[in-house]
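Undergrad:
Number of protein chains: 2
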Amino acid sequence: MDFTKPETVLNLDNIRQALVRMEDTIVFDLIERSQFYSSPSVYEINKFQIEGFQDLSFLDWALLQMEKVHSQIRRYEAPDESPFFPKAILPPILPPINYPKLLANYSDEINVNNEIKKFYVEEIVPQVSCKIGDQQENLGSVSTCDIECLQAISRRIHFGKFVAEVKYQNDKENYIRLIKARDVKGIEDSITNSVVEGKILERLIIKGEGYGIDPSLRYSQNPQSKVKPEVIAKLYKDWIIPLTKKVEIDYLLRRLEDEDAELVKSVV
Amino acid sequence: MDFTKPETVLNLDNIRQALVRMEDTIVFDLIERSQFYSSPSVYEINKFQIEGFQDLSFLDWALLQMEKVHSQIRRYEAPDESPFFPKAILPPILPPINYPKLLANYSDEINVNNEIKKFYVEEIVPQVSCKIGDQQENLGSVSTCDIECLQAISRRIHFGKFVAEVKYQNDKENYIRLIKARDVKGIEDSITNSVVEGKILERLIIKGEGYGIDPSLRYSQNPQSKVKPEVIAKLYKDWIIPLTKKVEIDYLLRRLEDEDAELVKSVV
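Sequences listed follow chains F and S, in order. Numbers in my numbering are just positions in the first sequence, counted from 1, shifted up by 1160. Numbers in my numbering are just positions in the second sequence, counted from 1, shifted up by 1160.
(1) Judging by CA-CA distance, which residue of 1322/S, 1174/S and 1197/S is the nearest neighbour of residue 1306/S?
(2) Please report how far the alpha carbon of residue 1345/F lies from the alpha carbon of residue 1184/S, in whole angstroms.
(3) With 8 Å as the threshold, decide whether the Cβ of residue 1337/S is near any Cβ in chain F.
(4) Is there contact here, the region 1358-1369 of chain S with the region 1387-1404 of chain S, by at least three beta-carbon pairs under 8 Å?
(5) For residue 1175/S, is the classification buried or exposed, using 16 other Cβ atoms within 10 angstroms of its Cβ as the cut-off for buried?
(6) Could you give the distance in angstroms between the alpha-carbon of residue 1235/S and the alpha-carbon of residue 1304/F?
(7) Between residue 1267/S and residue 1411/S, which are expected to be in contact by the criterion C-beta below 8 Å, what is the C-beta distance as a whole number of angstroms?
(8) Which residue's Cα is closest to the Cα of residue 1300/S: 1316/S, 1199/S and 1241/S?
(9) Secondary structure at residue 1188/F, three-state DSSP: helix, strand or coil?
(10) Using only the alpha-carbon positions, how far apart do residue 1298/F and residue 1245/S sit?
(11) For the alpha helix (DSSP H) that contains residue 1334/S, what are its first and last residues?
(12) Would you kindly report the start and end of the unbroken alpha helix (DSSP H) that includes residue 1311/F?
(13) Check this for me: beta carbons of residue 1283/S and residue 1351/S, under 8 Å apart or not?
(14) Out of 1334/F, 1274/F and 1342/F, state which residue places its alpha-carbon closest to the alpha-carbon of residue 1317/F.
(15) In chain order, what residues of the same chain have a beta carbon less than 8 Å from the beta carbon of residue 1326/F, not counting five sequence neighbours either side?
(16) If you measure beta-carbon to beta-carbon, which residues of the region 1233-1266 of chain F are closer than 9 Å to chain S?
(17) Helix, strand or coil for residue 1365/S, going by three-state DSSP, please let me know.
(18) First and last residue of the alpha helix (DSSP H) that includes residue 1404/S?
(19) Just to confirm before moving on: does the CB-CB distance between residue 1288/F and residue 1391/F stay below 8 Å?
(20) Report yes if the CB atom of residue 1319/F is closer than 8 Å to the CB atom of residue 1179/F, and no otherwise.
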């Protein structure tokens, strides 16, 4: 997807293709995480004494350092990336990219990363890790895998902004009416496609098996997938899909802030 | 693999299992890299003006920053990790792990990362990237994927030290004789197993197809793998396997530096 070309980004077919490709990344990242223990020490607030760093976990420390580096290589200039620690980001060392306007002005303010971190740590880690408990020498590796997972899931969920923007552009009058009426239920219905959602879950089961089982062992007795495919489907069903919808709804509810006042007034 | 337990690490079956698992990581990482252009700007020395940073590429800058963070989370304390910029590493923020002695004293000095970076940039990138050329807005993403690939390949190749150590332990007299005679050919023959090498290449073709093709599209017409499986097999055949052997040979040639002098003398 080329974010310098609005016509390629604000196109539902291209967005869907990008979302399907992101599933592969998320499945790969969960498989990598599954090599390690659940490692509660990584997530416990103030578990380690780190100078100048309080009320946060070791994962937070590692994620924050990583975001500092990534901000310097322009990660958070891209409209599809949302930092977990927006206050920590640094100016890029590369010349800036002049992205065209793709999303509404306030779009950076729609950020559900805290909710993502919470469900990831509480719900996903215990289900994808190979064993419950700590393994001291792997805490760094665990945090590195977690950062990959979190960034991939965050990108997937915040991509909802593009979905919302396209739907808004394609049916402005209807949305202006719903937004003016603060009709959350109506907005939710308009962005929900149960058939597509069902297909996502089916595809994730197939990908979980396809990528999680060593294909050279496929015909051996009882090959085990590194991460249970049902866990991946459930992650989407219970968290990724609902949070994507929340992003879409939050984005749409504010959409009139960045709309022509005359047009808004004209819709009754 | 538990590096705090020498008996689990210095065991050829366990090492082989770890090497097979690393293939998955390398294939995943190459597939992720294949989303982007070849991006020569990332690798060109002094392409970008970065304060206090000369005669290096943008990739070097990003890799060095990442290694600083990773060193602080203890990555380079682990005996299976080798930094690309050993001079840049920082003290860990976590308490140190007291790893038992697994490898010879000088093992950190065996480091082929410069050779790895060279073949990766020159030979692998043009073959796995989706298109030749630069795409300005993705230079950061490219460097992030490259770092993952480089670290995974580096770990795989330097794992040769464990293979060499086990082989040495299992047949000390023979190796002491070969090393004293500086018989590089004899050492190389003793560590080469053509049958195992052939199986690795076969397995990589299967993994390249298994992980590179979206399994939900497997029965559609002419599904394309994201990275050509033959490219992955060739990467192993031409670079990873020979460089692993170089690491093993370099490690073994110095092995008597860390051996009982009486024993060395007694072997004739």
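Glycine included, C-beta positions come from ideal geometry on N, C-alpha and C.
TA: Looking at the atomic coordinates:
(1) 1197/S
(2) 44 Å
(3) no
(4) yes
(5) buried
(6) 10 Å
(7) 7 Å
(8) 1199/S
(9) helix
(10) 22 Å
(11) 1332-1340
(12) 1299-1318
(13) no
(14) 1274/F
(15) 1170, 1171, 1172 and 1175
(16) 1233, 1234, 1235, 1237, 1238, 1252, 1253, 1254, 1255, 1257 and 1259
(17) helix
(18) 1401-1413
(19) yes
(20) yes
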